[in-house]
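Student: In this note's numbering, the protein residues as written are 345 to 633. By construction, the Cβ of each residue, glycine as well, lies at the ideal position given by its N, Cα and C atoms.
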């Protein structure tokens with residue numbers, strides 16, 4: 345009788361161990377104390393500008409709990425058992441699967457274009473780097489002639505960042521993940537920009553001339569910017585404000601050394617101030633809250 349009991353216990357133990365072996369737990373996207381990503385949200389040739397997004401609490405939508413990502417118009421949730429992550433686009437009130445590590449070679453994954461139509465792309469490679477699973481699609485991130493295939497990275501997300509759905513053009517998207525930090529430690533880098541975590545190029549001269557000394561405040565701002573020109577002898581200074589797409593959204597002549605610009609109607613985000621005298625530019629990043 346005792347032998348039968350021991351055998352039964354052994355069978356139960358082996359069965360439980362076998363079930364656990366088939367339950368693959370992937371690394372979480374999120375750190376214990378902090379998680380940030382440095383991303384290029386829209387990498388057009390005349391506007392390659394990075395920004396930092398971060399986990400900033402939790403929220404519940406329907407039956408799902410998401411991480412609030414400061415800097416994104418949406419939220420992220422994950423399933424570490426399946427190796428999947430979803431991005432809830434709060435602008436379109438739609439959830440998209442943005443990462444699936446359970447895919448195998450030859451499987452397909454849907455990317456969505458501007459019309460929200462699904463386009464399937466095949467998995468062309470599955471590999472490991474530093475014990476982290478990578479699933480690569482036959483689809484691309486394209487930024488001003490630089491291209492890299494979209495890859496899902498265990499513990500970090502997708503090389504196309506999280507907001508690449510609804511921006512598909514052919515087989516390309518224009519967003520990119522530069523770096524990820526967890527608990528203050530860098531855990532993922534990039535190839536297209538030589539592993540740098542900060543990129544700034546808005547199609548204008550990136551040079552702050554000594555001939556134009558400018559103070560821009562407050563920064564961050566809620567409703568207005570004050571522009572103080574200090575030592576410029578030019579009477580033809582011009583103020584421009586660009587968004588992350590490189591579009592000029594405010595233009596104003598600076599008639600006085602102290603000018604106030606109303607930005608209360610702008611959405612929250614990152615913008616670039618350019619003060620020009622016609623020969624040189626002063627450039628500064630500002631944040632609208």
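Look at the alpha carbon of residue 568 and the alpha carbon of residue 604, and state the distance between them as a whole number of angstroms.
Tutor: For residue 568 and residue 604, the distance between alpha carbons rounds to 7 Å.
Student: Determine the contact status of residue 445 and residue 427, defining contact as a CB-CB distance below 7 Å.
Tutor: Yes, the Cβ-Cβ distance between residue 445 and residue 427 is below 7 Å.
Student: Comparing alpha-carbon positions, which option in 560, 430 and 491 lies nearest residue 509?
Tutor: Residue 430 is the option with its Cα nearest to residue 509.
Student: Can you confirm whether the stretch 401-418 touches the stretch 477-496 when touching is taken to mean that 3 or more C-beta pairs between the two stretches lie within less than 8 Å?
Tutor: The stretch 477-496 vs the stretch 401-418: no contact.
Student: Hey, is the stretch 374-386 in contact with the stretch 510-529, meaning 3+ C-beta pairs nearer than 8 Å?
Tutor: The stretch 374-386 is in contact with the stretch 510-529.
Student: By Cβ distance, which residues of its chain are closer than 7 Å to residue 450, with the 5 residues on each side in sequence left out?
Tutor: So the list reads 466 and 467, once near-sequence residues are dropped.
Student: Alpha carbon to alpha carbon, how far is residue 457 from residue 518?
Tutor: Distance between the alpha carbons of residue 457 and residue 518 is about 12 Å.
Student: If you count every other CB in all the chains shown that lies within 10 Å of the CB of residue 474, and 16 or more means buried, which is it?
Tutor: Answer is exposed; the Cβ neighbour count stays below 16.
Student: Can you find the residues in the same chain that come closer than 7 Å, C-beta to C-beta, to residue 408, ignoring five residues on each side of it along the sequence?
Tutor: Around residue 408: 421.
Student: In whole angstroms, give me the CA-to-CA distance for residue 507 and residue 596.
Tutor: Taking the straight line joining both Cα atoms gives about 33 Å.
Student: Which two residues bound the contiguous beta strand (DSSP E) that contains residue 414?
Tutor: Taken as a continuous stretch (DSSP letters only), the beta strand (DSSP E) holding residue 414 covers 408-414.
Student: Of the residues 386, 541, 629 and 397, which one's Cα is nearest the Cα of residue 562?
Tutor: For residue 562, the nearest C-alpha among the options comes from 629.
Student: Report all residues from its chain with a CB closer than 6 Å to the CB of residue 549; omit the five preceding and five following residues, and keep chain order.
Tutor: Any answer about residue 549 is weak, because its pLDDT of 43 lies below 50 and its placement is not dependable; what the coordinates show is given next. Counting only Cβ-Cβ distances below 6 Å, and skipping sequence neighbours, we find 625.
Student: How long is the line joining the alpha carbons of residue 406 and residue 599, rounded to whole angstroms?
Tutor: Each residue's Cα considered, the two are about 53 Å apart.
Student: Quick one, which of 404, 448, 392 and 499 has its alpha-carbon nearest residue 479's?
Tutor: It is 448.
Student: Going by the DSSP bridge assignment, what does residue 498 pair with across the sheet?
Tutor: Answer by DSSP bridge pairing: none, since residue 498 is not bridged.
Student: At the level of alpha carbons, what is the spacing between residue 469 and residue 536?
Tutor: If I take the Cα positions, the gap works out to 19 Å.
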